[in-house]
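Novice: This is the structure I have questions about; it appears just below.
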Amino acid sequence: MSYPKPLSEKSLNRLYSEAGLNEIQISFLHDFFAACANLYGVITAEDAWDVYRELSSKAETPRLHRKDMYAALGILRRESVPYYVFEADEVYTEEPRADKLRIVALREIVPQKYARFWDLYHILEASDGKPFYVPENLLTFVTMPESRYEQELLGLLGNLKATLSEYEDNQGRMHPCKYQGKFLKGFAFVSADDDFELRILRGEVDGFKGNSKKAEEYEKQINSVTADRYLVNGLKWRNSIGHFPPSKSIEYFFDSLTEMGVVLPSKQSEKLLALITDMNNNQHLWCNHGWTPSDLSAQFSGSVRPMLSFGPGIQQAFANGSMDRTELERKMKELGIEVLK
Numbered sequence: 022m023s024y025p026k027p028l029s030e031k032s033l034n035r036l037y038s039e040a041g042l043n044e045i046q047i048s049f050l051h052d053f054f055a056a057c058a059n060l061y062g063v064i065t066a067e068d069a070w071d072v073y074r075e076l077s078s079k080a081e082t083p084r085l086h087r088k089d090m091y092a093a094l095g096i097l098r099r100e101s102v103p104y105y106v107f108e109a110d111e112v113y114t115e116e117p118r119a120d121k122l123r124i125v126a127l128r129e130i131v132p133q134k135y136a137r138f139w140d141l142y143h144i145l146e147a148s149d150g151k152p153f154y155v156p157e158n159l160l161t162f163v164t165m166p167e168s169r170y171e172q173e174l175l176g177l178l179g180n181l182k183a184t185l186s187e188y189e190d191n192q193g194r195m196h197p198c199k200y201q202g203k204f205l206k207g208f209a210f211v212s213a214d215d216d217f218e219l220r221i222l223r224g225e226v227d228g229f230k231g232n233s234k235k236a237e238e239y240e241k242q243i244n245s246v247t248a249d250r251y252l253v254n255g256l257k258w259r260n261s262i263g264h265f266p267p268s269k270s271i272e273y274f275f276d277s278l279t280e281m282g283v284v285l286p287s288k289q290s291e292k293l294l295a296l297i298t299d300m301n302n303n304q305h306l307w308c309n310h311g312w313t314p315s316d317l318s319a320q321f322s323g324s325v326r327p328m329l330s331f332g333p334g335i336q337q338a339f340a341n342g343s344m345d346r347t348e349l350e351r352k353m354k355e356l357g358i359e360v361l362k
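Residue numbers (our numbering): 22 to 362.
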């Protein structure tokens, strides 16, 4: 089932007029759903109505009826906006089609690639039962702000230099590192996972029919991100999806650093881990319905202690003496992460 193409401005104006929506309401709804997509990642029409009602009790908003919001979603589905508006049966084949069951999803969460709804499903599953974060300044999330923690992390990463001529993967195999001598802010990084996805889209993997247009779009996307931004985006993405425990996400982060050819001394690793933890704890997460882990920590108790095992890249750093295992384990303990032997 293909997603409908955008309508002309004239056709959209006619539909809004027929729905009885004025310019103020239309402008608000554009901002409202853009903010919801950024903050929650995925939200149903029914939940969006509840969020609107809570927002209206905290801030001044145009008056809307439930039918107005549902009608607007049917029209927004035909506009060029930074999110999709799916009918329920486009996401869940057995689900009946109904206005209240429409699903708003940030476009980045549903990429044009194999298993495109994978992240959407995980967000809905991980956030199930959690309350929605509805601040009175909700509309400021039309553009997702970059936290100072994220800026500090990017500043450190961008000035790291790839020094390895080859790296060891999780299966113990050695591979040449083509980034040797470059700073992370100066090159685009294509991981082994990204390369495999690209080969699927090109039709180079048995059992998968290629799509040259999607392959071209995906290749352009992965080549437009510098290595430092790739690492930060990856952390933010894994945190927000809710499928990866924090310890596993950090392990993947360091494995990616190794694949880039970067080896860190112990003190720099400690600083890096501290910045990662600060960013993680203060990030608005889709899997938390927009709440940061710090916001939720006071509401939930008895959380499971995160655990981490060191991958081959860090093990290699221990072996050549560029990183001190005892000191790194001490720092991880301070951060509340148990290191598996």
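In this text, a Cβ means the ideal position worked out from N, Cα and C, and glycines have one as well. This one's a predicted model, so the numbers in the text were calculated from it and none came from an experiment.
#1: Which two residues bound the contiguous beta strand (DSSP E) that contains E187?
#2: Touch check for the segment 226-239 and the segment 192-210: three-plus C-beta pairs under 8 Å?
#3: Between S48, E171, Q192 and S186, which lies nearest to G202 when the distance is taken from Cα to Cα?
#4: Go to Y37, then tell me how far its alpha helix (DSSP H) extends in each direction, as first and last residue.
#5: Opposite L127 in the DSSP bridges: which residues?
#6: Taking a contact to mean a Cβ-Cβ separation below 7 Å, would you say H310 touches F153 in this structure?
#7: Check whether the Cβ atoms of D140 and I130 lie closer than 7 Å to each other.
#8: Using three-state DSSP, classify H264 as helix, strand or coil.
#9: Taking the CB atoms as reference points, tell me whether W258 and Y61 lie closer together than 7 Å.
#10: In the DSSP assignment, the alpha helix (DSSP H) including T298 goes from what residue to what residue?
#11: Going by DSSP in three states, M90 sits in which element: helix, strand or coil?
#12: Buried or exposed, going by whether 16 or more other CB atoms sit within 10 Å of the CB of Y24?
#13: Is the segment 43-59 touching the segment 155-169, taking contact as three or more C-beta pairs under 8 Å?
#14: Looking at the secondary structure, which residues open and close the alpha helix (DSSP H) in which P314 lies?
#15: Tell whether a beta-carbon distance below 7 Å holds between L33 and A66.
#16: If you measure between the beta carbons of L1 and V63, is that distance less than 7 Å?
#17: Count the other CB atoms, across all protein chains shown, that sit within 10 Å of the CB of G363; report buried if there are 16 or more and exposed otherwise.
#18: Quick check on the DSSP output: the alpha helix (DSSP H) that includes V72 runs from which residue to which?
#19: Which same chain residues, not among the five before or five after F229, have their C-beta less than 6 Å away from its C-beta?
#20: When you compare only the Cα positions, how much space is there between R250 and F274?
Specialist: Taking the coordinates as given:
#1: Along the sequence shown, one-based indexing puts residue 187 at 166. From DSSP, the beta strand (DSSP E) with E187 extends over E187 to E189.
#2: no
#3: The residue labelled residue 202 in the question sits at position 181 within the sequence shown. G202 has its Cα closest to that of S186, out of S48, E171, Q192 and S186.
#4: In the sequence shown, residue 37 corresponds to position 16, counting from 1. Residues E30 to E39.
#5: Residue mapping note: residue 127 aligns to position 106 of the sequence shown, counting from 1. Note: L127 sits in a beta bridge opposite Y104.
#6: Counted from its first residue, the sequence shown places residue 310 at position 289. Counted from its first residue, the sequence shown places residue 153 at position 132. Yes.
#7: What you label residue 140 is simply residue 119 of the sequence shown in a count that begins at 1. What you label residue 130 is simply residue 109 of the sequence shown in a count that begins at 1. Yes, the pair counts as a contact, with Cβ atoms nearer than the cut-off.
#8: Locating residue 264 in the sequence shown gives position 243, counting from the first residue. If DSSP states are grouped into helix, strand and coil, H264 belongs with coil.
#9: Translated into positions along the sequence shown, residue 258 becomes position 237. Translated into positions along the sequence shown, residue 61 becomes position 40. Cβ atoms of W258 and Y61: not closer than 7 Å.
#10: As a working mapping, residue 298 is identified with position 277 in the sequence shown. From DSSP, the alpha helix (DSSP H) with T298 extends over S287 to N302.
#11: On the sequence shown, position 69 is the one that residue 90 refers to. Here M90 sits in helix by DSSP.
#12: Position 3 of the sequence shown, counting from 1, holds the residue named residue 24. The residue is exposed, with fewer than 16 neighbouring Cβ atoms inside 10 Å.
#13: yes
#14: As a first step, residue 314 must be located in the sequence shown, where it is residue number 293. Segment P314 to S318, the alpha helix (DSSP H) holding P314.
#15: Position 12 of the sequence shown, counted from the first residue, corresponds to residue 33. Position 45 of the sequence shown, counted from the first residue, corresponds to residue 66. Contact: no.
#16: What is shown of the chain runs 22 to 362, which leaves residue 1 out entirely.
#17: Not covered by the structure: residue 363. The range shown for the chain is 22 to 362.
#18: To locate residue 72, count along the sequence shown from 1; it is residue 51. Unbroken alpha helix (DSSP H) run through V72: A66 to S77.
#19: Here the question's residue 229 lines up with position 208 in the sequence shown. I221, listed in sequence order.
#20: As a first step, residue 250 must be located in the sequence shown, where it is residue number 229. As a first step, residue 274 must be located in the sequence shown, where it is residue number 253. R250 and F274: Cα-Cα distance of roughly 12 Å.
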